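In full-length UniProt numbering, the protein residues as written are 1 to 413. Using N, Cα and C, we set each Cβ at its ideal position, and we do this for glycine too. Fair warning: this is a prediction, and the values are worked out from it, not measured in the lab. Right, one structure below, let's go through it.
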């Protein structure tokens, strides 16, 4: 069937056929599954070209510069680590193609939207996006941090097939993941990372999903791509497990915020000199598979502890963008005392974007008048005292001073 699709493409344009046939043979030789090839490689010749170029680069240098590879070349080339950049390249091409399809997205992003860096020491960034406020799907009301999955409500089993950019099912050791367009995008390339859609996971982090997202971010060569997660009560809109992948080339508040070490040499809190609170777990560029797995375990235990203790939370994943720094990945965790049941579509909400310092706003006047003091007051109001309990818990988890199953005990904040 895959051959028939490509043959039709060749008949359509013999000039293009001569130009790309060699790339196609190389692409097949790279070992992709027919399923992935059918869903991505036939969509646009550029996908083939970029994938082949990345594969040729990998043949010359299997690992990213400065990155210690702890697995065999064969295993690497079939793993998410070895394929993540190929997936990202293909996703970008397909996203731009779909963005031009009339009616598929709720609105078209402006190429140069109005924006403003809020005056002040911390440099919060705002951008106008009136269409998202007016045209997006109404957010769901998610009753708790341990909700039930409701088949009758919108979920990712119900999206149009054209909205699925790709299904990743050929990365050894990783769960099946669908990349689905966000119909109401905040930024260019805004895509939903949806693990094991058919299993109907609620919007609660699973260990496999966490491992996938962290591995993906550690394996791509693009510091402008960021990833985020909103739990129920922390601006989640759909009760079906998903992370967000976005293009954010701006230098954000979170990129420069000072950190103080908490535990283990890799767990930090936002400095006491910083105006907001949260923790940061650093996945070092040269961490071994065992070290990565241990950190993922600790992060997952913390997430489950927050759910058990009714503590809404947001995650923000980014590569270290500071000049001269290595390609470490930072996972920021923001806990909050205030449970948000519904999004106020006309006001300044606080999710992972805002906590990182990127604030999309629906109104130009509000964008021009918003002050740093107002932003910080809003963030501090919703976080409350929750971060202090998280500092203690993650320290206990990392230092092993508490049995990991004690998060079953309720916490009073």
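Suppose contacts are defined by Cβ-Cβ distances below 8 Å. Is residue i in contact with residue j by that definition?
i: residue 397; j: residue 298; result: yes
i: residue 194; j: residue 214; result: no
i: residue 232; j: residue 142; result: yes
i: residue 113; j: residue 129; result: yes
i: residue 277; j: residue 387; result: yes
i: residue 217; j: residue 244; result: no
i: residue 252; j: residue 271; result: no
i: residue 156; j: residue 197; result: yes
i: residue 254; j: residue 357; result: yes
i: residue 336; j: residue 360; result: no
i: residue 124; j: residue 375; result: yes
i: residue 391; j: residue 315; result: no
i: residue 126; j: residue 373; result: no
i: residue 296; j: residue 204; result: no
i: residue 247; j: residue 224; result: yes
i: residue 362; j: residue 133; result: yes
i: residue 207; j: residue 368; result: no
i: residue 384; j: residue 354; result: no
i: residue 172; j: residue 75; result: yes
Bridge partners of residue i, per DSSP?
i: residue 228; result: 244, 316
i: residue 358; result: 125
i: residue 263; result: 267
i: residue 117; result: 125
i: residue 191; result: 181, 245
i: residue 281; result: 267, 331
i: residue 164; result: 180
i: residue 172; result: 79
Which residues in the same chain have their Cβ closer than 8 Å to the Cβ of residue i, if we skip the five residues on either side of it in sequence?
i: residue 53; result: At residue 53 the pLDDT is 44, less than 50, meaning the model places this residue with poor confidence; the figure from the coordinates comes in the next sentence. The answer is none, since no qualifying residue turns up.
i: residue 328; result: 282, 283, 284, 285, 319, 320
i: residue 159; result: 180
i: residue 101; result: 162
i: residue 366; result: 348
Starting from the C-beta of residue i, find all residues in its chain whose C-beta is less than 7 Å away, skip the five residues before and the five after it, and write them out in chain order.
i: residue 310; result: 145
i: residue 290; result: none
i: residue 393; result: 302, 305
i: residue 109; result: 185, 188
i: residue 220; result: 84, 85, 88
i: residue 81; result: 215, 219
i: residue 275; result: 122, 376
i: residue 136; result: 106, 184
i: residue 364; result: 114, 128
i: residue 378; result: 348, 350
Counting only the same chain and skipping the five closest in sequence on each side, list residues whose C-beta sits under 6 Å from that of residue i.
i: residue 202; result: 147, 149, 239
i: residue 395; result: 262, 263
i: residue 164; result: 178, 180
i: residue 151; result: none
i: residue 192; result: 180, 182, 242
i: residue 131; result: 107
i: residue 300; result: 207, 210
i: residue 331; result: 281, 317
i: residue 382; result: 336, 338, 350
i: residue 257; result: 270, 274
i: residue 266; result: 282
i: residue 174; result: 80, 212
i: residue 119; result: none
Consider the C-beta atom of residue i and the heavy atoms of the ligand MG; say whether any pair is separated by less than 7 Å.
i: residue 374; result: The ligand MG is absent from the structure shown, which contains no ligands of any kind.
Taking the runs of the alpha helix (DSSP H) that are 4 residues or longer, which of them lie wholly in the segment 354 to 400? Correct list: 364 to 369, 372 to 383, 386 to 399.
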